[in-house]
Structure formats: structure tokens, C-alpha cells
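Quick note on numbering: the sequence shown equals residues 51 to 202 in this note's numbering.
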Amino acid sequence: MFRVFGLMLGLTVLLVFAGQIMFGQQGAVLFLVLSGAMNFGMYWFSDRVVLRMYRAQVVDRSQAPDLYDRVERLRKRAGLPAPVVAISPQPQPNAFATGRNPEHAVVCFTQGILRALPARELDGVIAHELAHIKHRHMLVGTVAATMAGAIA
51 MFRVFGLMLG LTVLLVFAGQ IMFGQQGAVL FLVLSGAMNF GMYWFSDRVV LRMYRAQVVD
111 RSQAPDLYDR VERLRKRAGL PAPVVAISPQ PQPNAFATGR NPEHAVVCFT QGILRALPAR
171 ELDGVIAHEL AHIKHRHMLV GTVAATMAGA IA
């Protein structure tokens, strides 16, 4: 959580400094307000932004029963609440966890990884992503990815 706070604080300081240089005191105040809005949005909505960046669609058990059951089985073993499951059409093999906390987590898998891995290896990837959720790593990555997307 402190890393996320540090990232957001760093972004705020950078934007306020840029506003001061470009537009003086009024620019600094304006950029402070804008960075506050950005930080609020990153915390509450960054998971949705990341899913949009990957063109991922949230799926339920009827759309991806095998994947959904695997996530469900492994998340119970890890003692986690059920994450939202999403699939991205990207051909590159990848998977990631996003969200602000374990109660608001998403695990996303690309079509590439779902095609490339046998069941046992896919279980390993799912367990890895669930470990990120359990240890709350995903918010730092999600905020960093959202910041990178906003800058690009």
C-alpha cells in the first residue's frame, strides 16, 4: 500500500511542478486538482482501464467453464474471495492480476496462454496470479500500468 501511495504522491508532485513551471501558481493548483482526480480514478477504476487496454472481456462459468472451475478451485485453496475472471483476445501468452484489493480482484488470461499451456501448467499460472492477489501486489502494477497508459 505504501508503494501505491508513493507512486501517486510522485505523480502528484511531478504534475504540480509541471503546472508551476508552465502556468505559475494557478497552473500548480489546477494540476494539483487534476492529479487528485487522476489518483482517485486510478485507485477506483484502474482495473477497468487495464482490462480495456487488453480488450479483455469478463467471463462467467458458462462462457469458460474449465478456466472458471480451475480459478475457483485454486482460490479456495488459497483462502481468497472469488476474483472476476477475464479473457483477452491477445495472441501473446500472458496472464495478470489487477484490482485494488483481494475483494475487488480480477485475473485475466490471454487467448495465447489459454491455447499454449496444458492444464497442469495453466494451474501454475493461475496459482501465481492468485499469489499476487493474496499478497496485494496487483495494485502497484495496476497503478503503474494505468500511469504508463495515461502518459503514452
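Don't be surprised by glycine CBs; every beta carbon is placed ideally from N, CA and C.
Query: Cα-Cα separation between residue 266 and residue 158, rounded to whole angstroms; Result: This structure does not reach residue 266, given that the chain is present from 51 up to 202, and the question cannot be answered.
Query: Proximity below 8 Å, CB of residue 156 to CB of residue 119; Result: no
Query: Candidates 108, 113, 112, 135: closest to residue 121 by CA position; Result: 135
Query: Expected contact under 8 Å - CB spacing of residue 133 and residue 161 to nearest Å; Result: Not quite, the Cβ-Cβ distance comes to about 19 Å (not below 8 Å), so this is no contact.
Query: Spatial neighbours of residue 131 in its chain, beta-carbon cut-off 7 Å, leaving aside the 5 residues before and after; Result: 152, 153
Query: Distance CB(residue 105)-CB(residue 190) smaller than 8 Å; Result: no
Query: Cβ of residue 151 within 8 Å of any chain B Cβ; Result: Judged by its chain identifiers, the structure shown contains no chain B, having just a single protein chain.
Query: Residue 137 and residue 114 closer than 8 Å at C-beta; Result: yes
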